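Residue numbers for the sequence shown follow the numbering used here, so the first one is 136 and each next one is one higher.
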Amino acid sequence: MKTLQKSALLLSLSLVVLSCNTEKKIELFNGQNLDNWNIVVDSEDGEPKDLFYVEDGVMNTLGDPFGYIRTKESYSSYKLHLEWRWTNEPSNSGVLLNVQGKEMIFPQCVECQLMDGRAGDIVLMGKGTGITIRDSTYTVTSEEHRYLAISKFEESSEKPAGEWNSYDITSKDGDLEIIVNGVLQNIGTGMTLTDGNIALQSEGAPLQFRNIYLQPL
């Protein structure tokens, strides 16, 4: 009887936790507009309103000029989910985490790569940005060489152009976990950037995003 009662209690607690997680879900993209975001492009190109746009419930980017769309709110300790697909020939893009400072074209941040075939790679941007992966610590030491790429663990788990892919990214207290289509592609600790904005890049080719949300941890 005690075993049954204990099992029932654990099941009840699990349901409560699941319910709380559902209630905490924050929709970053509502499928209707981009009110929660700011568009940033190179100052020479101005700020074209259609670089990112919404159509049929999906966020689209033209890929040209280079730039990104950045949440107006800052976040820390979260699990981020998003889905993406290339509409034509795949090219380059990225999911920027814990974005810092002013709206420069390549801000200080930790990038989860979206370059074709490289989803799951990590790119550190900006002096002082660092992370430890396995037994190695990586740090950007100067603004002159402000980019540092770290390869994913496995072969590409991406789907062909035209098919939807999923990113599940956990950033919590300096720990980072990156899952691409259900495959663990990278995991790190000691991330120096632990909070900031989230951004999606326009960097070379048309790309679509959907189901963008996070759950605070």
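We treat Cβ as the ideally placed atom computed from N, Cα and C, and that holds for glycine.
In this text the structure is predicted, and so the values were computed from the model without any measurement.
Which listed residue (the options) has its alpha carbon closest to that of residue i
i           : options            : result
residue 165 : 339, 248, 191      : 191
residue 268 : 287, 237, 169      : 287
residue 167 : 340, 352, 347      : 347
residue 232 : 261, 253, 226, 222 : 261
residue 201 : 351, 341, 170      : 341
residue 312 : 274, 177, 215, 186 : 215
residue 310 : 266, 222, 186      : 266
8 Å Cβ cutoff met for residue i and residue j
i           : j           : result
residue 320 : residue 228 : no
residue 252 : residue 291 : yes
residue 328 : residue 264 : yes
residue 210 : residue 333 : yes
residue 295 : residue 159 : no
residue 234 : residue 244 : yes
residue 289 : residue 300 : no
residue 315 : residue 254 : yes
Buried versus exposed call for residue i [16 or more other C-beta atoms within 10 Å across all chains shown]
i           : result
residue 284 : exposed
residue 317 : exposed
residue 213 : buried
residue 195 : buried
residue 198 : buried
Three-state class that DSSP yields for residue i in the structure shown
i           : result
residue 159 : helix
residue 352 : coil
residue 199 : coil
residue 287 : coil
residue 214 : strand
residue 355 : This structure cannot settle anything about residue 355, because the visible part of the chain is limited to 136 through 352.
residue 194 : strand
residue 165 : coil
Rounded Cβ spacing between residue i and residue j (contact assumed at less than 8 Å)
i           : j           : result
residue 325 : residue 272 : 7 Å
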